[in-house]
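Heads up: the sequence shown runs through residues 1 to 175, numbered per UniProt numbering. C-beta: ideal position from N, C-alpha, C; glycine also. One structure is given below, encoded as structure tokens.
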Amino acid sequence: MASNQQVKLFGAVGSPFVTRAEIALKLKGVEYEYIHESLTNKSDLLLKYNPVHKKVPLLPAGFKAAWNPDVKEREKGAEEATEALKILENELKGKFFNGDSIGLVDIAVLFIAFWMPIIQEAGGLDLYRAETYPKLEKWGQEILNHPVVKGVLPPRENSSPSSKLAFRASLLQSR
Numbered sequence: 001m002a003s004n005q006q007v008k009l010f011g012a013v014g015s016p017f018v019t020r021a022e023i024a025l026k027l028k029g030v031e032y033e034y035i036h037e038s039l040t041n042k043s044d045l046l047l048k049y050n051p052v053h054k055k056v057p058l059l060p061a062g063f064k065a066a067w068n069p070d071v072k073e074r075e076k077g078a079e080e081a082t083e084a085l086k087i088l089e090n091e092l093k094g095k096f097f098n099g100d101s102i103g104l105v106d107i108a109v110l111f112i113a114f115w116m117p118i119i120q121e122a123g124g125l126d127l128y129r130a131e132t133y134p135k136l137e138k139w140g141q142e143i144l145n146h147p148v149v150k151g152v153l154p155p156r157e158n159s160s161p162s163s164k165l166a167f168r169a170s171l172l173q174s175r
């Protein structure tokens with residue numbers, strides 16, 4: 001990157017994709033400008049840099065199955081999520097997936113520690129339990145208490161019952 005260019009990060013509060021990028025930039029010591037975007041009133045700059053999609057995604061596609069109104073599809077999605085959680089539980093050997101420091105896998109699956117409890121409560125799901133995944137639970141506490149991660153994530157107080165209902169409605173609309 002030329003020295004006269006500045007890294008810009010376009011984001012919306014609570015976006016897991018933006019959170020991942022912000023944590024990675026901070027851990028790497030990259031200076032950047034955070035540009036807050038309103039998802040209902042997007043800036044011309046966002047539309048210029050992202051003319052095709054013009055939006056911030058909400059969740060990885062695989063997790064939409066867990067919200068599917070069709071019971072069979074929802075059960076299939078829950079089974080797939082459970083298998084993925086088992087794999088992660090078995091692969092976690094240290095404080096973080098990368099050992100003693102946060103790595104790419106930790107950043108990629110951060111949503112399990114932060115968002116999964118909120119999503120489960122909002123949607124009435126029961127996929128992730130501390131007693132079933134003790135290593136992931138311990139990892140979750142470690143990563144959520146890391147100073148860089150803590151400084152980037154939105155406060156949990158922002159996940160009130162009404163915002164959880166709005167979140168669930170937005171997921172169903174995104175189908």
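What is the C-beta distance between residue 226 and residue 143, in whole angstroms, given that I count them as a contact (C-beta under 8 angstroms)? As displayed, the chain neither begins before 1 nor continues past 175, which places residue 226 out of reach and without an answer.
For residue 92 and residue 135, what's the separation of their Cα atoms in angstroms? 7 angstroms
Let me confirm a value: residue 7 is counted as buried when at least 16 other C-beta atoms fall within 10 Å, else exposed. Which label applies? exposed
Tell me, please, whether the segment 101-116 touches the segment 17-25 by the rule of three or more beta-carbon pairs shorter than 8 angstroms. yes
Neighbourhood of residue 23 by C-beta distance below 8 angstroms, restricted to the same chain and skipping five residues each side: 102, 107, 110, 148, 149, 152
With DSSP as the reference, label residue 93 as helix, strand or coil. coil
Residues near residue 59 in its chain [Cβ-Cβ closer than 6 angstroms; skip 5 each side]: Any answer about residue 59 is weak, because its pLDDT of 27 lies below 50 and its placement is not dependable; what the coordinates show is given next. No residues qualify anywhere along the chain.
Compare the C-alpha of residue 80 against each of 90, 99, 127 and name the closest. 127
Whole angstroms are fine: how far does the CA of residue 139 sit from the CA of residue 30? Between residue 30 and residue 139, the C-alpha separation is close to 25 angstroms.
May I ask you to list the residues that DSSP assigns as paired with residue 7? 32
For the candidate residues 14, 42, 9, 37, whose alpha-carbon lies nearest to that of residue 176? There is no way to answer for residue 176, as the model of the chain reaches only from 1 to 175.
By Cβ distance below 7 angstroms, which residues in the same chain neighbour residue 28 in space, the five residues on each side in sequence not counted? none
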